[in-house]
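Asker: Residue numbers (my numbering): 95 to 705.
Dropping the structure in here first, questions after.
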Amino acid sequence: MCGIVGYIGDQKASDVIIKGLKRLEYRGYDSAGIATLNGKLLIKKSVGKVAALEENLTNSALDGNAGIGHTRWATHGEPNDVNAHPHTAQHKKFALVHNGIIENYDVLKKQLEQKGHSFATQTDTEVLAHLIEEIHESETMDFEKAVQLALNQVQGTFGIAVVHQDYPDMLIAARRGSPLLIGINGSEHFIASDASPIIEFTNKVVYLDDDEMAIIRNDSYEVKTIKDVPLTKSVHELAMSLEQIEKGGYEHFMLKEIYEQPQTIADCMRGRLMVDENRIQLGGIEAVVDKITNANRLIIAACGTSWHAALVGEYMFEYLAKKRVEVEYASEFRYQDPLVDENDVLLVISQSGETADTLAALREAKKRGATVIGICNVVGSTIARETDAGVYTHAGPEIGVASTKAFTAQVVVLAMMALQIGLRKGTIDEEQMRELIRHLDEVPEKVDQILNNQDNIKELSKLFTYAPNFLYLGRSYNFPVALEGALKLKEISYIHAEGYPAAEMKHGPIALIDQHMPVVVIAATDHTNEKMVSNIEEVRARKGRIISITNSNNGDVNRLSEFSITIPHTHDCFSPLLTVIPLQLIAYYIAVNRQCDVDKPRNLAKSVTVE
Ligand code: M6R
């Protein structure tokens with residue numbers, strides 16, 4: 095949520111920062127701003143996307159070799175030029191960009207107002223800027239020290255970058271709860287919310303941890319805690335490439351990411367799904383696999399699409415490994431006073447590895463003694479670093495705000511975990527394992543078949559582009575897919591959509607069905623098929639418009655549907671990996687037809703780092 099870029103080196107800082115902000119735009123895009131140092135502090139801000147800021151800069155370029163920039167997802171104060179970051183204080187000598195929420199900003203603001211400060215914006219961030227100025231000027235404190243002391247008075251979360259015109263060779267960065275890293279490239283240094291803005295310059299990074307700050311100059315950096323304890327940090331090498339974060343000829347990142355799935359699913363299984371040896375090898379959880387096998391319960395906590403993957407995981411673990419699983423909304427977990435102890439394992443799932451609610455659930459369970467494991471996509475992310483063990487999804491950077499390839503990769507990891515535990519527990523025998531592994535191994539090829547045969551999806555998307563509502567129904571493994579299909583559609587096309595377990599329809603939602611209601615039924619030929627056919631009949635009897643996702647040999651479903659999208663057959667457990675693909679495409683094409691900003695839907699951000 096909100097993207098930060100900082101630069102100090104030989105290049106023109108504004109060029110590096112604008113380019114970087116564009117790469118970070120998926121984190122927020124309601125306004126953007128930049129501050130550089132060129133003898134004095136220069137600031138430009140614009141409401142809207144980074145392109146608007148760039149346009150603004152063409153009229154009056156910002157020179158200087160040091161600067162900071164920000165792309166915003168508003169928390170406090172509506173999105174406009176004034177509330178856009180960077181923020182300054184009374185004397186406008188320094189500028190600050192911030193990701194996170196200063197929870198005690200109101201108290202601090204009142205104290206500062208009593209000391210004569212007046213505020214120009216409605217943001218919590220401006221309060222932090224004034225607090226730094228107050229400490230720096232009234233206590234004639236070193237600027238770096240003033241930042242440090244101010245941060246100690248702040249409650250809440252922050253990732254910040256600061257520049258001061260009297261210290262032209264210095265950037266300050268600090269973090270609590272909002273990710274920040276430092277990029278190192280000889281005589282130039284970068285600050286960034288994640289690696290995407292800096293990967294074209296360097297693959298060497300230092301991750302800041304909570305309550306750490308960095309003083310960064312052209313040729314050096316030092317890291318310390320905000321309590322002033324010096325630290326020696328490891329330099330990590332990023333495996334990411336520039337190509338992975340570019341559109342590569344696709345109109346949108348979302349479409350590129352949908353099409354990448356045969357590859358990302360295969361990447362996720364590589365070296366882990368040992369077909370010849372008939373076993374699964376997940377190195378990242380080797381040390382805790384006994385713990386997972388013997389745990390009283392496996393609790394899975396996640397948000398959004400990752401939560402839907404967790405629900406699929408519940409079905410898999412219970413069927414394949416006979417393991418008791420509870421799935422929790424990460425955002426609710428800590429408010430339940432959860433009954434979790436050292437006999438439980440908490441599995442958190444997060445594409446970004448930075449979702450504040452998921453991180454809070456992780457910390458809550460850890461505090462209560464549970465073993466905490468993770469499934470993350472972003473290598474080196476906070477969740478990946480704070481879990482006791484975990485498995486990366488290896489799906490590559492996901493830029494589109496609507497999650498697609500991360501979902502399928504998460505489901506693949508869950509499937510592999512469930513198979514591994516099932517084999518250990520003896521709930522699957524060698525023969526069943528062989529069969530299941532074969533099916534899983536064939537998934538990338540089958541996803542490819544769906545993607546190569548989707549003209550009818552484009553066509554039917556045209557017909558339903560202006561439908562005001564959609565209903566998605568599924569059972570068993572495909573109930574979470576119904577939720578996911580509805581989420582995809584609503585977040586990128588702004589059409590109201592609901593996902594339900596198909597049998598729940600008759601307990602209320604059926605009242606919504608008439609000749610205008612498209613009903614997407616996920617009816618792969620599985621053990622629920624007969625019951626799904628009955629549900630489809632019920633929708634038909636009320637003139638609902640049935641779009642089914644099914645197999646070609648599913649005669650009844652095909653006959654009863656106005657539109658059928660056929661997918662290859664697989665084992666019931668793995669069908670979400672196939673059924674979700676047409677749903678991603680339906681949402682995508684409808685959103686494109688409605689001229690929505692597919693990769694940057696309104697009000698959303700890719701990485702939700704506020705609670
Ligand atoms: O990075 P995470 O997986 O923790 O993110 C969780 C949700 O914010 C995310 O899945 C969100 O729901 C997506 N926009 C869904 O497409």
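Where a beta carbon is used, it is the ideal one built from N, C-alpha and C, also for glycine.
(1) The alpha helix (DSSP H) that contains residue 383, what's its start and end?
(2) One question on the structure: do residue 448 and residue 273 come within less than 8 Å of each other, judged by their Cβ atoms?
(3) So, are the CB atoms of residue 362 and residue 489 less than 8 Å apart?
(4) Can we count residue 445 as close to the ligand M6R, meaning its CB is less than 7 Å from some heavy atom?
(5) Let me know if residue 590 comes out buried or exposed under the rule of 16 or more other beta-carbons within 10 Å of its beta-carbon.
(6) List in chain order: all unbroken beta strand (DSSP E) runs of 3+ residues lying wholly within the region 256 to 283.
(7) By Cβ distance, which residues of its chain are closer than 6 Å to residue 291, with the 5 residues on each side in sequence left out?
(8) Tell me whether residue 129 counts as near the ligand M6R, meaning its Cβ is closer than 7 Å to at least one heavy atom of that ligand.
(9) From this set, 505, 382 and 366, which residue's C-alpha is nearest residue 375's C-alpha?
(10) Give the range of the alpha helix (DSSP H) segment to which residue 224 is assigned.
(11) Is the distance from the Cβ of residue 434 to the Cβ of residue 477 below 8 Å?
(12) When the distance is taken between beta carbons, is residue 264 closer than 8 Å to residue 701?
(13) Is any non-hydrogen atom of the ligand M6R found closer than 7 Å to the C-beta of residue 673, if you look at the structure I gave you?
(14) Three-state secondary structure (DSSP) at residue 573?
(15) Express the C-alpha separation of residue 470 and residue 267 in angstroms, rounding to a whole number.
(16) Contact check, residue 472 vs residue 699 under 8 Å by CB: the rounded distance?
(17) For residue 346, I'd like the list of residues in its chain whose CB is within less than 7 Å of its CB, leaving aside the five on either flank, ordered along the chain.
(18) Okay, do the region 183 to 197 and the region 250 to 262 touch, 3+ Cβ pairs below 8 Å being the bar?
(19) So which of 210, 677 and 408 has the shortest CA-CA distance to residue 396?
(20) Can you tell which of 685, 219, 690 and 674 has its C-alpha closest to the C-alpha of residue 353?
(21) Look up residue 429 in the DSSP assignment and say whether it is helix, strand or coil.
(22) Start and end of the beta strand (DSSP E) containing residue 567?
(23) Output the distance between the C-alpha atoms of residue 509 and residue 358, rounded to the nearest integer angstrom.
(24) Is it right to say residue 158 is buried, meaning 16 or more other beta carbons lie within 10 angstroms of its own, or is it exposed?
(25) Using 8 Å as the threshold, is the C-beta distance between residue 465 and residue 519 below it?
(26) With DSSP run on the structure shown, which of helix, strand or coil describes residue 705?
(27) Out of 187, 218, 598 and 144, which has the shortest C-alpha to C-alpha gap to residue 200?
(28) Would residue 541 be called buried (16 or more neighbouring beta carbons within 10 Å of its own) or exposed?
(29) Hey, how far is the Cα of residue 344 from the Cα of residue 682?
(30) With contact counted as at least three CB pairs below 8 Å, one residue from each stretch, are the region 638 to 657 and the region 613 to 627 in contact?
(31) Is residue 702 near the ligand M6R, with its Cβ less than 7 Å from a heavy atom?
(32) At the level of alpha carbons, what is the spacing between residue 227 and residue 331?
(33) Grab the span of the alpha helix (DSSP H) containing residue 532 for me, first residue to last.
(34) Going by the beta-carbon positions, is the gap between residue 507 and residue 487 smaller than 8 Å?
(35) At which residues does the beta strand (DSSP E) containing residue 316 begin and terminate?
(36) Is it the case that the CB of residue 358 approaches a heavy atom of the ligand M6R more closely than 7 Å?
Answerer: Taking the coordinates as given:
(1) 383 to 388
(2) yes
(3) yes
(4) yes
(5) exposed
(6) 265 to 270 and 275 to 279
(7) 99, 114, 117 and 118
(8) no
(9) 366
(10) 218 to 232
(11) no
(12) no
(13) no
(14) helix
(15) 25 Å
(16) Wrong, their Cβ atoms sit about 15 Å apart, outside the cutoff.
(17) 494, 692 and 693
(18) yes
(19) 408
(20) 674
(21) helix
(22) 563 to 568
(23) 15 Å
(24) buried
(25) no
(26) coil
(27) 218
(28) buried
(29) 13 Å
(30) yes
(31) yes
(32) 36 Å
(33) 524 to 545
(34) yes
(35) 315 to 319
(36) no
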